[in-house]
Amino acid sequence: MDHNLLIGGSAGQGMDTLSSMLERHLMRQGYHVFVHKDYMSRVRGGHNFIQIRFSDQPLTSHRHSLDLIVAMDEATIEEHLPRLHPEGFVLCDEKLGQKEDQIHGFPLEASAKEAGNPKTFTTAFLGLLVKWYGLDLETMEGMIIEAFHDKSPEANLKAFHLGAGLTDARMDLPPGDTEDRLLINGNQAIALGAIAAGVTFYSAYPMTPSTSIMNYLAAKQNEAGIVVEQAEDEIAAINMAIGANYAGIRAMTGTSGGGFSLMTEALGLSAITETPLVVAEVQRPGPATGFPTRTEQSDLSFLLTASHGEIPRMITALRNPEESFYQTARAFNLAEKYQLPVLLLSDQYLSDYTVTTEPFDLSRITIERHLADEGAYSEEQPYQRYAWTENGISPRLIPGKVSGQVVLADSDEHDEAGHITESAEVRIKMMKKRMGKMELLKQKVEEPWHLGSDNPKILLVAWGSTAGPLQEALQLLQKDKDFPDVAALVFGDLWPLPVDRLEKLAKSAMSIVNIEQNYTGQLAKLIRQETGIACQYSYLKYDGRQMAPQEIVEALKKEVL
Amino acid sequence: MTDVKCFHSSDPSAWCPGCGNHALLAALKEALAQLDKNPHEVLVCSGIGQAAKTPHYINANGFNGLHGRALPPALGAKIANKDLTVIVNTGDGDSYGEGGNHFIHNMRRNLDIAHFVHDNMIYGLTKGQASPTTQLKHTTEIQTEGVTLEPIKPLALAITMGATFVARGFVGEKEQLIVLMKAAITHPGYALLDIFQPCVVFNKVNTFQWYKENTYTLPEDYDSSDKQQALQKAFEWEDGIPLGILYQERKPTYTEQREVLREGPALVDRKLSPERAAAFFDDFR
């Protein structure tokens, strides 16, 4: 069973409430759920839609074809009817259509009125849907009482039952399982990862689509013991986080590409002062203001060299919400071990879609601080922030913790003690010390996911959030007898670039295809730069909408065959 | 009182002979010694500029960051460790020009830090361009027709932005400067101390003598809790510029207002475990 429904309407019509209750209900009934939202950048009006896909099998992507349309307005029907399965239906209020072909109108507004409050329209619709799918009505009643406990629960319950009374159960869904799952999006998972990692300070400036990290942490700040500060700008946000990390806590900032553009000077500050830093960069289509509420993977090339001068850094792209949790926690350990900035690269698609995920295993999370031995310093042997060591990593002391010892961090080129220097000799040593961290990081980077054939004729390369659609596309391609042996490498860690699996699989492949949500093929460029391996074909999408599995399949057949 | 010598740094100074920074630095060390502070308890933050070299010339914790960005790391550090005495030492260009946005908003935060602006009304490090406090008609290699931009009035701006401690000192009044520094450091909340100092190389208008002749000390019976009067004082210029605490009030600090910071040890001293995330899983079930 694999069912895909779309809820469409204009902003402010209560679609979010309807969707969140229905998706949660489906999860609690034991289904795998994948919810994808498509919003315009406005608070009221416009055309928005939410796609809820559910199945008795795990899901990794949204999909294009629809089995049911829940239309709150005429535009929804016009826009999405072409995608509706021939045996699918549009459900709507009777004023948008009567019982004709695929369009089924119901007296939903009338039900809301009868329930005593026109605002209960959404709840009446929910009743209709729950009944239509033959889902459990009783547990939903409880959810309605909980959700509307301060906003007339009686009227909402009444509307729910009136809505449910408008139809018979039209579907016979296979029963769900009893596994414990979380229904979570990428940004929420980053926030939870930060909490697990021991973050106690998050400074950021609101910018879509990164803001929901800050929203979640702010809502939990007192409970979790985190100070969330809305900075005056992104420059302040990153500099605050650096100051806090210098002073010994785990602090983090998050933004989107525009805000990250403002942060670049301070990224270099983190690197030259050797202050650990974790930044979440949730991409949206640029440049400048671009497409605020849409998706793109176009900041990779930028992040690789962001900041003037040459600095060590690590970049890891997040591939799904589960990984967003674990990689956020890992980022802090790496940032502290190597005393450098670690960039978590996400995008709007990943930040906003919610998917059922196995509960996170906290026993897999460790908090590794890599701090200096406080007893190692004395008047004769004073602490030096940038002391030479064999591997280039100087012990990091928390300021204020050892009487008589001070910690001096400097954005100028500096000597071991942190004082400004103009010495050519010291400059060379310090550059080697900092840049040498890249060699150490190469031992730590994780190879890309390898999906499909071990001996592919066609090798697909991708990164980050396209992982989910690609996983499904690959399954479809493997079933296609006309399509050659195919494998995909989906990169998470991108800098330094792990190359072992790539070099191995590239040997057998006749063609390599990069699949990216950008115009210039940024992963392909990076691969060529680091390995000399060229991609012969590309599938590049830069319309602000995430590629769906079927789109990938069709594009590959056109490109490669 | 600690021995002032404990604050001496071995780093050789790059400041010009006669620069106002020397006297300012000496006053800072003296103020810290009189407050019984030890080097490891103090963090001096700066941006970039001549004044911003201060962290190198004092033996204390130091964070010498980016131009204009002295305040945000100071804020981050103070939030991380509320037990640190955090002082920002940086110039007028750094504080009021490149860092203007941070200046405005940190006054609103009222975090417990002291901000000492080394105000010489000129850009020193970049060799003599106008700063936000350079006076009208002052000619430079860039402002060839003289400054036409209205100079910033930092104390007036601070008072209107809700700063809870607004003062001005002058390096030529060293004893008074030490008193002002101590008051700023011990003030609960954000304290702005704008400190007049001559730049002997690039500002031939506002010389040591000029400051001497154009400043006066507020009388002992001056009421620093009177905001309207303070605002008037902050605008005084041609007929004498007041030195002293123009305005001071006690308002809840950032730390006192934030539940997470108010109770318990400094954030840096808290024990954290990944298990604290478990409490939030139910939000997603």
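Quick mapping for you: the protein sequence lines, in order, are chains R and L. Okay, so the first sequence: first residue is 2 according to this note's numbering, each after it adds one. Okay, so the second sequence: first residue is 1488 according to this note's numbering, each after it adds one. By construction, the Cβ of each residue, glycine as well, lies at the ideal position given by its N, Cα and C atoms.
In whole angstroms, what is the alpha-carbon distance linking residue 1767 of chain L and residue 333 of chain R?
CA-to-CA, the gap between residue 1767 of chain L and residue 333 of chain R works out to about 20 Å.
Please decide whether residue 1581 of chain L counts as near chain R, where near means a Cβ-Cβ distance under 8 Å.
False, the Cβ-Cβ gap to chain R never drops below 8 Å.
Which residue marks the beginning of the alpha helix (DSSP H) containing residue 1719 of chain L, and which one marks its end?
Note, residue 1719 of chain L: alpha helix (DSSP H), 1714-1722.
With DSSP collapsed to three states, give me the class of residue 1755 of chain L.
In this structure, residue 1755 of chain L counts as helix in the three-state DSSP scheme.
In angstroms, rounded to a whole number, what distance separates the CA positions of residue 1593 of chain L and residue 229 of chain R?
Between residue 1593 of chain L and residue 229 of chain R, the C-alpha separation is close to 15 Å.
Do you know offhand how far residue 307 of chain R's Cα is from residue 268 of chain R's?
Computed Cα separation, rounded: 8 Å.
Can you tell me whether residue 1569 of chain L is helix, strand or coil according to DSSP?
Note: residue 1569 of chain L maps to coil in three-state DSSP.
So, helix, strand or coil for residue 121 of chain R, using DSSP?
Three-state result, residue 121 of chain R: helix.
What are the residues that DSSP puts in a beta bridge with residue 39 of chain R?
Answer is R:50.
Using a Cβ-Cβ cut-off of 6 Å (strictly less than) and excluding sequence neighbours within five positions of residue 529 of chain R, which residues of its own chain qualify?
Cβ-Cβ distances below 6 Å link residue 529 of chain R to 535 in the same chain, with the five nearest sequence neighbours on each side left out; the list follows chain order.
For the putative contact between residue 460 of chain R and residue 507 of chain R, defined by C-beta atoms under 8 Å, what is the C-beta separation to the nearest angstrom?
Right, the Cβ-Cβ distance comes to about 6 Å (below 8 Å), so this counts as a contact.
Give every residue of the same chain whose Cβ lies closer than 6 Å to the Cβ of residue 1658 of chain L, excluding the five residues on either side of it in the sequence, and list them in chain order.
Cβ neighbours of residue 1658 of chain L beyond the five flanking positions: 1507, 1510, 1511 and 1684.
Got a sec? Which residues, its chain only, sit under 6 Å from residue 204 of chain R by beta carbon, not counting five neighbours each side?
Same-chain partners within the cutoff: 230, 232, 238, 241, 242 and 254.
Since I believe residue 1581 of chain L is in contact with residue 1536 of chain L (beta carbons under 8 Å), could you give me their beta-carbon distance rounded to a whole number of angstroms?
Contact flag correct, Cβ pair sits at about 5 Å.
With a cut-off of 8 Å, does the C-beta of residue 241 of chain R fall near any C-beta of chain A?
No chain A appears in this structure, whose protein chains are R and L.
Locate the beta strand (DSSP E) running through residue 464 of chain R, then write down its first and last residues.
Here the beta strand (DSSP E) through residue 464 of chain R covers 459-464.
Touching by the beta-carbon criterion (3+ pairs, under 8 Å), the stretch 376-386 of chain R and the stretch 315-325 of chain R
Flag = no, the stretch 376-386 of chain R and the stretch 315-325 of chain R do not touch.
What are the uninterrupted segments assigned as beta strand (DSSP E) that are 3 or more residues long and contained completely in the stretch 467-523 of chain R, given in chain order?
Listed in chain order, they are 487-492, 494-496 and 512-517.
Option in R:18, R:120, R:40 and R:6 with minimal Cα separation from residue 64 of chain R
Taking only the C-alpha atoms, the option nearest residue 64 of chain R is R:6.
8 Å Cβ cutoff met for residue 1501 of chain L and residue 1533 of chain L
It is not a contact, given that the beta carbons lie outside the stated cut-off.
Tell whether a beta-carbon distance below 8 Å holds between residue 1571 of chain L and residue 1528 of chain L.
In contact: residue 1571 of chain L and residue 1528 of chain L (Cβ atoms closer than 8 Å).
According to DSSP, residue 1735 of chain L sits in a beta bridge with which residue or residues?
In the DSSP output, where bridge partners are listed per residue, residue 1735 of chain L has L:1652.
Since residue 1564 of chain L meets chain R, which of its residues come closer than 8 Å, beta carbon to beta carbon?
Within chain R, the residues 244, 245, 247, 248 and 400 have their CB atoms less than 8 Å from the CB of residue 1564 of chain L, given in chain order.
Taking only beta carbons into account, state which residues of the stretch 169-193 of chain R come closer than 8 Å to chain L, listed in chain order.
Here the close residues are 181, 182, 183, 184, 185, 189 and 193.
Local Cβ density within 10 Å of residue 377 of chain R, reported as buried at 16 or more and exposed below that:
Per the 10 Å Cβ criterion, exposed.
Neighbourhood of residue 17 of chain R by C-beta distance below 8 Å, restricted to the same chain and skipping five residues each side:
Counting only Cβ-Cβ distances below 8 Å, and skipping sequence neighbours, we find 51.
Is the stretch 198-214 of chain R in contact with the stretch 346-354 of chain R, if contact means three or more CB pairs nearer than 8 Å?
Result yes; three or more Cβ-Cβ pairs closer than 8 Å.
Assuming the contact rule is C-beta atoms closer than 8 Å, residue 493 of chain R and residue 324 of chain R should be a hit. Round their C-beta distance to whole Å, please.
That belief holds up - the Cβ atoms of residue 493 of chain R and residue 324 of chain R are roughly 7 Å apart, short of 8 Å.
With respect to the alpha helix (DSSP H) encompassing residue 1510 of chain L, which residues constitute its N-terminal and C-terminal limits?
Bounds of the alpha helix (DSSP H) holding residue 1510 of chain L are 1507-1521.
Measure from the C-beta of residue 1538 of chain L to each C-beta in chain R and report whether the shortest distance is under 8 Å.
So, not an interface residue.
At a Cβ threshold of 8 Å, is residue 1459 of chain L touching chain R?
Residue 1459 of chain L cannot be examined here, being either before or after the span of chain L that is shown, 1488 to 1772.
For residue 408 of chain R, three-class secondary structure by DSSP
Three-state result, residue 408 of chain R: coil.
Going by the DSSP bridge assignment, what does residue 230 of chain R pair with across the sheet?
R:204, per the DSSP bridge assignment.
Which stretch, first to last residue, makes up the alpha helix (DSSP H) that contains residue 1747 of chain L?
Boundaries of the alpha helix (DSSP H) around residue 1747 of chain L: 1746-1749.
Is residue 56 of chain R helix, strand or coil by DSSP?
Correct three-state label for residue 56 of chain R: strand.
Three-state secondary structure (DSSP) at residue 172 of chain R?
Residue 172 of chain R sits in coil when the DSSP states are folded into three classes, being neither helix nor strand.
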